[in-house]
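Undergrad: Here it is: the structure, laid out below.
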Amino acid sequence: YMAQCLVKLGCPKEKVKVHRLGVEVEQLAFVPRRWTNDGPLRVLIAGTFREKKGIPYGLEAIAMLRDVYPDVQITIIGDSTGEIRGEKEKAKILSVITRHRLENVTRLLGFQPYEVLMGQAYQHHIFLSPSVTASDGDTEGGAPVVLTEMVATGMPVVATRHCDIPEIVKHGETGLLAPERDPSELASHLRWLVEHPDEWDRMVSAGRQHVEQTYNVKIQGARLARIYVDMLE
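In my numbering, the protein residues as written are 139 to 371.
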């Protein structure tokens with residue numbers, strides 16, 4: 139996605155190289171999530187409260203899921219930074235929670251240290267990342283690093299076809315993708331995961347392997363070094 143944007147801005151295509159951000163895969167324990175319908179389904183959302191994160195759409199989707207599977211718990215890690223657009227987005231998020239009566243099943247943890255985020259990650263079953271192109275054109279640019287990390291930990295992911303997210307979440311293989319601003323499709327994917335728990339191991343194993351091969355920070359560091367060397371030759 140970012141490469142295409144650069145070409146559209148006039149950069150010669152032959153000079154554009156895609157270099158993916160890596161994560162410390164070895165530091166992320168692979169713990170395949172499993173859900174056997176013997177307790178609440180725990181869904182995690184993480185991100186700064188900005189329109190591009192699409193959090194209201196994710197909450198709408200979970201509300202739809204609860205019409206069929208009411209025992210769902212939501213944790214949101216993140217908050218507004220205090221700027222006007224962030225406060226507006228926070229108001230939207232709280233409005234959706236109130237309108238769908240999600241107060242009793244939603245935990246708003248605010249901004250948290252990385253260690254707390256990852257600790258919570260291993261206590262949840264599904265990661266929801268409903269990013270969108272904001273009304274002012276703001277986007278993820280590439281893909282949220284936290285999304286790559288969640289895939290690496292063995293958590294099923296439901297996300298959107300936004301920017302470079304499909305490079306990490308390959309629909310039906312390493313996760314599930316919905317169009318932007320489509321709560322119904324997000325809910326459909328969440329429901330599919332609930333109804334096909336036997337598919338989780340296959341999906342999360344493929345996701346871990348994909349991150350190890352394509353987003354390992356050590357491998358990506360070496361690739362970046364080669365790019366610089368090639369430029370100097």
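Think of the CB as a built atom: it goes at the ideal place given N, C-alpha and C, for glycine as much as any other residue.
Could you compute how far the alpha carbon of residue 277 sits from the alpha carbon of residue 269?
TA: Position 139 of the sequence shown holds residue 277. Position 131 of the sequence shown holds residue 269. Using only the alpha carbons, I get a separation of about 8 Å.
Undergrad: Run through the segment 184-235 for me and flag every whole alpha helix (DSSP H) of 4 or more residues, listed as ranges in chain order.
TA: 193-204
Undergrad: Extract the residue ranges of the alpha helix (DSSP H) inside the segment 250-274, only unbroken runs of 4 or more that lie entirely within it.
TA: 252-259
Undergrad: What three-state label does DSSP hand residue 309 in the structure shown?
TA: The residue given as residue 309 occupies position 171 in the sequence shown. Residue state, collapsed to three classes: strand.
Undergrad: When the distance is taken between beta carbons, is residue 332 closer than 9 Å to residue 316?
TA: The count along the sequence shown starts at 1 and reaches residue 316 at position 178. The count along the sequence shown starts at 1 and reaches residue 332 at position 194. No, the Cβ-Cβ distance between residue 316 and residue 332 is not below 9 Å.
Undergrad: Is the segment 337-355 touching the segment 160-175 in the sense that three or more CB pairs, one from each, lie closer than 8 Å?
TA: yes
Undergrad: Output needed for residue 246: all residues of its chain with C-beta closer than 6 Å, excluding positions within five of it in sequence on either side, in chain order.
TA: Taking the first residue of the sequence shown as 1, we reach residue 246 at position 108. Only 214 meet the Cβ criterion.
Undergrad: Using the beta-carbon count (16 or more within 10 Å), is residue 169 buried or exposed?
TA: Here residue 169 is taken as the residue at index 31 of the sequence shown, counted from 1. Residue environment for residue 169: exposed (fewer than 16 other C-beta atoms within 10 angstroms of its C-beta).
Undergrad: Once the 5 residues before and after residue 321 are set aside, which same chain residues still bring their CB inside 6 Å of it?
TA: The count along the sequence shown starts at 1 and reaches residue 321 at position 183. Hits under 6 Å: 195, 198, 199.
Undergrad: Between residue 324 and residue 142, what straight-line distance do the alpha-carbon atoms span, to the nearest angstrom?
TA: For the purposes of this step, residue 324 is taken as the residue at position 186 of the sequence shown. For the purposes of this step, residue 142 is taken as the residue at position 4 of the sequence shown. Spanning the two alpha carbons is a distance of roughly 26 Å.
Undergrad: Measuring CB atoms only, is the segment 205-214 touching the segment 228-248, in the sense that at least three cross pairs come out at less than 8 Å?
TA: yes
Undergrad: Which first and last residues belong to the alpha helix (DSSP H) in which residue 277 is found?
TA: Indexing the sequence shown from 1 puts residue 277 at position 139. Run containing residue 277: none; DSSP gives neither H nor E here.
Undergrad: Between the segment 202-211 and the segment 294-308, can you find at least three pairs of beta-carbon atoms closer than 8 Å?
TA: no
Undergrad: Do you know how far the Cα of residue 230 is from the Cα of residue 283?
TA: Residue 283 sits at position 145 when you count from the first residue of the sequence shown. Residue 230 sits at position 92 when you count from the first residue of the sequence shown. In a straight line, the C-alpha of residue 283 is about 24 Å away from that of residue 230.
Undergrad: Helix, strand or coil, according to DSSP, for residue 174 in the structure here?
TA: Here residue 174 corresponds to residue number 36 of the sequence shown, with the count starting at 1. Three-state result, residue 174: coil.
Undergrad: With the cut-off set at 9 Å, would you say residue 173 and residue 309 are in Cβ contact?
TA: By 1-based counting over the sequence shown, the position of residue 173 is 35. By 1-based counting over the sequence shown, the position of residue 309 is 171. No, the pair does not count as a contact, with Cβ atoms beyond the cut-off.
Undergrad: Pick helix, strand or coil for residue 180, following the three-state DSSP scheme.
TA: The sequence position of residue 180 within the sequence shown is 42, counting from 1. Residue state, collapsed to three classes: strand.
Undergrad: Start and end of the alpha helix (DSSP H) containing residue 345?
TA: On the sequence shown, residue 345 is found 207 positions in, with the first residue counted as 1. Start and end: 338-352.
Undergrad: Please list the terminal residues of the continuous beta strand (DSSP E) segment that includes residue 245.
TA: Within the sequence shown, residue 245 is the residue found at index 107, counting from 1. 244-248 is the extent of the beta strand (DSSP E) around residue 245.
Undergrad: To the nearest angstrom, report how far apart residue 319 and residue 189 are at their CA atoms.
TA: Position 181 of the sequence shown, counted from the start, is the residue given in the question as residue 319. Position 51 of the sequence shown, counted from the start, is the residue given in the question as residue 189. If you take the alpha carbons of residue 319 and residue 189, they lie about 11 Å apart.
Undergrad: List the DSSP bridge partners of residue 315.
TA: Residue mapping note: residue 315 aligns to position 177 of the sequence shown, counting from 1. Its beta-bridge partners are 297.
Undergrad: Quick check on residue 169: does DSSP put it in helix, strand or coil?
TA: In the sequence shown, residue 169 corresponds to position 31, counting from 1. Residue 169: coil per DSSP, three-state reduction.
Undergrad: Consult DSSP for residue 161 and reduce its assignment to one of helix, strand or coil.
TA: Start at 1 with the first residue of the sequence shown, and residue 161 comes out as number 23. Strand.
Undergrad: Under 8 Å by Cβ, that's how I've got residue 345 and residue 289 pegged, so tell me the actual separation to the nearest angstrom.
TA: Mapped onto the sequence shown, residue 345 falls at position 207. Mapped onto the sequence shown, residue 289 falls at position 151. The pair is a contact, with the Cβ atoms about 4 Å apart (cut-off 8 Å).
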